[in-house]
Amino acid sequence: MPEKLLEVKNLKTYFALEDGGWAKAVDDVSFSVAKGETLCIVGESGCGKSMTALSIMDLIAKPPGKYMGGQILFHGKDLLTLSEKEKSSIRGNRIAMIFQEPMTALNPVKKIGIQIAEVLQLHEHMDKRKAMEQAILMLKKVGIPRAEKIVHEYPHQFSGGMRQRVMIAMAMMCNPELLIADEPTTALDVTIQAQVLDLMRTMKKEFHTALIFITHDFGVVSEMADNVVVMYAGQIIESGQADMLFERPLHPYTRALLASVPFIDQDKEVLHSIPGTVPEASKYPEGCRFAERCDKCHPECRKKEPKLQEQEPGHFVKCFWAGDEYCQ
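All residue numbers for the sequence shown refer to my numbering, where the first residue is 13 and numbers rise by one.
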C-alpha cells in the first residue's frame, strides 16, 4: 500500500448562525491521500468541497467557523492541534493551495515577482535577489514568456490563464508535498483550461507532488484522477478508484452527475439534469440528504440516514440500495 501523506478523519467544520444553530458545511468527512496520488473531490456548488480544502489549510474564519470534531493528519501529525507558528511553517510550504479565482488571491498592488519571491523569503529565508531569480526560473517553467519583464508587472495586466499560471508557480516554489487546487480552471475557456490541466500534470510529475483537485466537472476528473470522492450536502456519498466509479457508479447522485456530462459520440437532444438544489447546510433533512432529489427514493430513505459502507473492495457508498436492482 502507498504511504499515506494526508488523512482526514471524521472532520466536522460548522459555522455558527445568528439563531444559535449551526451550518454543517463539512459533516463527518474522511478520506486519505497517498504520496504522488491525485484525488479528485467532485460535486455541485454548495456540497462542501471548498470548505473541506479550506479546513485542511486552516483558512476557516473563526468565528463564525469552528472545528467540531475530527483530525487532519499530515505525516501522522494532527494539523488541528498545532500552534499558529507551526501551521504557518507548513501552509504554503509543504502544503500549498491554488484558488479558483487568482485575481482575488493575488495582491493587486504588488508586482508579480515580489509576490512569488516572498514565498521563498518567508519559508526558505532566501535573500531578495536570489528569491527573485528563482521566481523568474519558476515562471519560465510554467510557460510564461518574457519572465524577466513579467516579474515587474501587476496582476491586472495578465489574462485569466496567465494569472492561474502565476498561482501555480507560486504554489510550487517550495516544492510542496501536497497541492490543493480548488476549481482552478472554472473561470477559463476550454482551450486555456486544457493547457492549465496539462501544466498541472507536468508539474506534479516533475515535483512528485500529491494533488487534491476540487471540481464539479467529471470531464476534468476523467483526465486527472487516480481516486475520486463524491460529496453531497457536506458528506461523502461515494468514493473509490476513478476507473471503478466511471465503470460502475453505485450512488444515484453519482450516476445523475455522470448522466449530465455531454459526450461527443452520444446523440442527445437534451442533457440529463438533477431536479432541485443542494439543501442549505443549516437545513439538512432527516434521513438521506439526497432523498428529495433522488428518482429512486424509497420511504425508508426519508426516515433514516444511510452509512458510508464498503460495497465492493475499495468502493464506498452511502446508500441503502447501492448495487440493488431497484436502484439501477
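Even for Gly, the Cβ is constructed at its ideal location relative to N, Cα and C.
query                                                                                                                    : result
Same chain, Cβ closer than 6 Å to Gly-125, neighbours up to 5 away in sequence not counted                               : Met-144, Ala-147 and Val-163
Residue range of the unbroken alpha helix (DSSP H) whose run includes Lys-330                                            : No alpha helix (DSSP H) contains Lys-330, which DSSP labels as neither H nor E.
Cβ separation of Gly-155 and Met-256, assumed to be a contact under 8 Å, to the nearest whole Å                          : No, Gly-155 and Met-256 are not in contact; Cβ-Cβ is about 34 Å, not under 8 Å.
Own chain, CB closer than 8 Å to Tyr-338, minus 5 neighbours either side, in chain order                                 : Low local confidence applies: a pLDDT of 47 at Tyr-338 is under 50, so the model's placement there is unreliable, with the coordinate-based value given in what follows. Cβ neighbours of Tyr-338 beyond the five flanking positions: Lys-308 and His-310.
Span separating the alpha-carbon of Ile-298 from that of Glu-96                                                          : Note that residue 298 is Glu in the sequence shown here, rather than Ile. So the alpha carbons of these two residues sit roughly 37 Å apart.
Where the alpha helix (DSSP H) containing Ser-100 begins and where it ends                                               : 96-102
Same chain only: Cβ atoms within 7 Å of Glu-235, ignoring 5 sequence neighbours per side                                 : Leu-209
Bridge partners - Lys-21, DSSP secondary structure assignment                                                            : Gln-83
Complete runs of the alpha helix (DSSP H) confined to the stretch 230-290 [at least 4 residues]                          : 230-236, 254-259 and 264-271
Three or more C-beta pairs below 8 Å linking the stretch 48-61 and the stretch 73-87                                     : no
Counted within 10 angstroms of its Cβ, other Cβ atoms place Ala-73 as buried (16 or more) or exposed                     : exposed
Through-space distance from Val-131 to Met-182, alpha-carbon basis                                                       : 7 Å
Neighbourhood of Pro-167 by C-beta distance below 7 Å, restricted to the same chain and skipping five residues each side : Met-115, Leu-118, Pro-120, Ile-124 and Arg-175
Residue environment, Thr-64, which counts as buried when at least 16 other CB atoms sit within 10 Å                      : buried
Check whether Ala-46 and Ala-268 have beta carbons under 8 Å apart                                                       : no
Endpoints, the alpha helix (DSSP H) within which Cys-313 is located                                                      : 311-315
Per DSSP, cross-strand counterpart(s) of Phe-219                                                                         : In DSSP, Phe-219 forms no bridge with anything.
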